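Student: One structure follows; several queries about it will come next.
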Amino acid sequence: MTSRDILHMRRAIALAARGLGGTSPNPVVGCVILDPSGEVAGEGFHAYAGGPHAEVVALREAGERARGGTAYVTLEPCNHTGRTGPCSAALLEAGVARVVVAVSDPNPKAAGGAAVLREHGVVVDEGVLTAEAEEVNAAWLTYVRAGRPYVTWKFAATVDGRSAAEDGTSQWITSPEARADVHRLRAESDAVIAGIGTVLADDPRLTARVPAPLREAPVLRVVVDSGARTPAAARVLDGEAPTLVAVAEDAAVPAHLSPHAVRLPRVPGGIDLRALLAELHGRQVVSVLIEGGPVLAGAFLREGLVDRVVGYLAPALLGAGAAALGPAGASTITEIHRLEFAGVTPVGPDLRLVLRPKSSAPQSPKES
215 MTSRDILHMR RAIALAARGL GGTSPNPVVG CVILDPSGEV AGEGFHAYAG GPHAEVVALR
275 EAGERARGGT AYVTLEPCNH TGRTGPCSAA LLEAGVARVV VAVSDPNPKA AGGAAVLREH
335 GVVVDEGVLT AEAEEVNAAW LTYVRAGRPY VTWKFAATVD GRSAAEDGTS QWITSPEARA
395 DVHRLRAESD AVIAGIGTVL ADDPRLTARV PAPLREAPVL RVVVDSGART PAAARVLDGE
455 APTLVAVAED AAVPAHLSPH AVRLPRVPGG IDLRALLAEL HGRQVVSVLI EGGPVLAGAF
515 LREGLVDRVV GYLAPALLGA GAAALGPAGA STITEIHRLE FAGVTPVGPD LRLVLRPKSS
575 APQSPKES
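Here's what the structure looks like:
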């Protein structure tokens with residue numbers, strides 16, 4: 215791995231990030247093409263599902279300059295025909311002499327592109343900036359490897375961890391800049407999940423009120439409501455975006471919820487969250503954002519189902535009121551949920567914290 219390889223792969227990773235929120239159920243991918251002299255001839259990224267893949271976009275820009283050149287790709291070029299043709303074939307047709315890959319494709323339906331390229335005499339180098347490329351594609355890699363959506367828990371709180379005052383008021387703890395950033399998070403997610411407590415208390419819309427990425431379907435709104443208590447007048451049922459209401463299998467579902475309801479197994483304290491994620495995975499939901507409230511967030515943490523935490527901390531103190539997180543299965547210090555920082559960024563007057571559980575690396579599904 216040379217310094218040039220690092221430079222151009224890092225650019226390919228930055229290009230891949232431009233597709234976040236628009237490519238589901240496909241991965242985000244970036245590609246940089248160099249001509250034989252080492253000059254950049256073309257760049258591209260996968261912008262939306264069904265659209266041209268990153269390699270195809272970059273090859274179109276490069277034209278004949280790609281022949282004898284090098285391609286830097288964040289994910290192994292696909293080797294199957296779906297709505298578009300195999301990228302391995304496109305690279306061969308363009309006459310690319312070398313392909314540098316960051317991450318091998320874990321999807322058996324699409325993998326094998328590197329082997330095909332090698333069989334036709336192309337030099338393939340793998341494993342360049344793998345960790346950085348996996349980071350930008352964490353949601354899709356979890357979706358494929360773990361067989362469930364990637365889960366982000368978002369919270370907003372004072373620096374002493376309060377998400378609401380003692381009288382229940384919570385609007386607004388954080389700044390307009392932080393709230394705008396939350397809408398960007400929503401737009402990058404395939405589904406936004408809230409508990410029935412949040413729906414009854416705040417009547418949220420759970421929509422992304424920022425320009426949405428190119429995507430096949432709007433962000434799905436999900437209410438975890440074991441007792442089927444979501445009111446007919448709730449804004450999550452306003453038709454502005456599709457809504458799924460997860461109810462317990464033994465709940466009596468009123469007529470206004472029937473078009474939205476999905477029945478899931480009941481467990482102590484609510485519904486089976488793993489069953490919920492399996493249901494969403496079956497609907498090709500790659501990433502979900504947990505918006506509220508503290509009880510639901512605690513349940514996801516207790517089950518080990520949180521892959522990322524995004525917290526917005528306001529420079530303010532309450533001293534009393536609702537905590538941002540409810541019971542999460544840590545009754546003693548040895549059971550504490552240890553996290554590690556992945557980013558700390560000022561957002562207006564607030565701080566945006568990004569953290570991950572230390573054991574959050576997506577694992578391959580267990581064999582049955």
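Numbering (this note's numbering), first residue to last: 215 to 582.
Backbone N, C-alpha and C define an ideal beta-carbon position, used for all residues, glycine too.
What you are looking at is a predicted structure, and each value in this text was computed from that prediction instead of being measured.
Would you check if the distance between the CB atom of residue 406 and the CB atom of residue 219 is smaller than 8 Å?
Tutor: no
Student: What number of angstroms, rounded off, separates the C-alpha of residue 463 from the C-alpha of residue 415?
Tutor: 24 Å
Student: With distances taken between CB atoms, is the gap from residue 557 to residue 509 smaller than 8 Å?
Tutor: no
Student: Identify which residue in 263, 537, 277 has its Cα closest to the Cα of residue 383.
Tutor: 537
Student: Measure the C-alpha to C-alpha separation of residue 472 and residue 552 and round it to an integer number of angstroms.
Tutor: 40 Å
Student: Within 10 angstroms of its Cβ, does residue 257 collect 16 or more other Cβ (buried), or is it exposed?
Tutor: buried
Student: Leaving out the 5 sequence neighbours to the left and right, which residues in its chain are closer than 7 Å to residue 250 when beta-carbon positions are compared?
Tutor: 282, 283
Student: Grab me the residues of residue 354's own chain with a C-beta within less than 6 Å of its C-beta, minus the 5 sequence neighbours each way, in chain order.
Tutor: 241, 500.
Student: What residues in its chain sit with their C-beta under 6 Å from that of residue 288, if we drop five residues either side in the sequence?
Tutor: 226, 227, 230, 243, 244, 316, 347
Student: Between residue 476 and residue 366, is the Cβ-Cβ spacing less than 8 Å?
Tutor: no
Student: May I ask you to verify whether the stretch 323-340 touches the stretch 391-402, counting CB pairs closer than 8 Å and requiring at least 3?
Tutor: no
Student: With 16 as the cutoff for other CB atoms within 10 Å, does residue 259 come out buried or exposed?
Tutor: Residue environment analysis places residue 259 among the buried positions, since at least 16 neighbouring C-beta atoms fall within 10 angstroms of its C-beta.
Student: Considering only residues of the same chain and omitting the five flanking positions on each side of residue 531, which have a CB-CB separation below 7 Å?
Tutor: 372, 373, 374.
Student: Taking 7 Å as the limit between beta carbons, can you name the residues of its chain near residue 423, skipping five residues before and five after?
Tutor: 397
Student: To the nearest angstrom, report how far apart residue 579 and residue 488 are at their CA atoms.
Tutor: Model confidence at residue 579 stands at a pLDDT of 42, short of 50, so the residue's coordinates are unreliable; what they give is reported in the following sentence. Cα to Cα, the separation comes out at about 13 Å.
Student: Keeping to the same chain, check which residues put their C-beta closer than 8 Å to that of residue 495; ignore five residues upstream and five downstream.
Tutor: 357, 361, 362, 363
Student: Which runs of the alpha helix (DSSP H), 4 residues or longer, sit entirely within the stretch 323-380?
Tutor: Taking 4 residues as the shortest admissible run, the stretch 323-380 contains the following complete alpha helix (DSSP H) segments, listed from N- to C-terminal end: 327-333, 344-350, 352-359.
Student: Closest to residue 377 by C-alpha separation, out of 404, 412, 351, 399, would be which residue?
Tutor: 412
Student: Inspect the beta-carbon positions of residue 502 and residue 403 and report whether they are closer than 8 Å.
Tutor: yes
Student: If we call anything under 8 Å between Cβ atoms a contact, is residue 236 one with residue 261?
Tutor: yes
Student: Under the assumption that residue 410 contacts residue 438 (Cβ atoms under 8 Å), give the Cβ distance between them as a whole number of angstroms.
Tutor: 7 Å
Student: Note down, one range per segment and in chain order, each alpha helix (DSSP H) of at least 4 residues found wholly within the stretch 397-434.
Tutor: 410-416
Student: Would you give the residue range spanned by the alpha helix (DSSP H) that residue 221 belongs to?
Tutor: 217-231
Student: Output the boundary residues of the alpha helix (DSSP H) element that contains residue 508.
Tutor: 508-516
Student: In whole angstroms, give me the CA-to-CA distance for residue 516 and residue 572.
Tutor: Distance between the alpha carbons of residue 516 and residue 572 is about 15 Å.
Student: I need the straight-line Cα distance from residue 275 to residue 370, nearest angstrom please.
Tutor: 43 Å
Student: Pull up the distance between the alpha-carbon of residue 519 and that of residue 526, whole angstroms please.
Tutor: Using only the alpha carbons, I get a separation of about 20 Å.
Student: Could you spell out where the alpha helix (DSSP H) holding residue 492 opens and where it closes?
Tutor: In the DSSP annotation of this structure, the continuous segment of the alpha helix (DSSP H) that includes residue 492 starts and ends at 487-496.
Student: Would DSSP call residue 441 helix, strand or coil?
Tutor: coil
Student: Could you give the residue range of the alpha helix (DSSP H) that holds residue 301?
Tutor: 301-308
Student: Of the choices 419, 441, 232, whose alpha-carbon is the least far from that of residue 506?
Tutor: Residue 506 has its Cα closest to that of 419, out of 419, 441, 232.
Student: Helix, strand or coil, according to DSSP, for residue 575 in the structure here?
Tutor: Residue confidence is low: residue 575 scores 47 on pLDDT, short of 50, so the model does not pin down where it sits. No coordinate-derived value is stated.
Student: If you drop the 5 nearest sequence neighbours on each side, which residues of the same chain put their C-beta closer than 8 Å to that of residue 321?
Tutor: Non-local C-beta neighbours of residue 321 in its own chain, meaning closer than 8 Å and more than five positions away in sequence, comprise 358, ordered along the chain.
Student: Among 217, 223, 561, which has the Cα closest to the Cα of residue 528?
Tutor: When only C-alpha atoms are compared, the closest one is 561.
Student: When the Cα of residue 278 is compared with those of 308, 268, 264, 252, which residue comes out closest?
Tutor: 308
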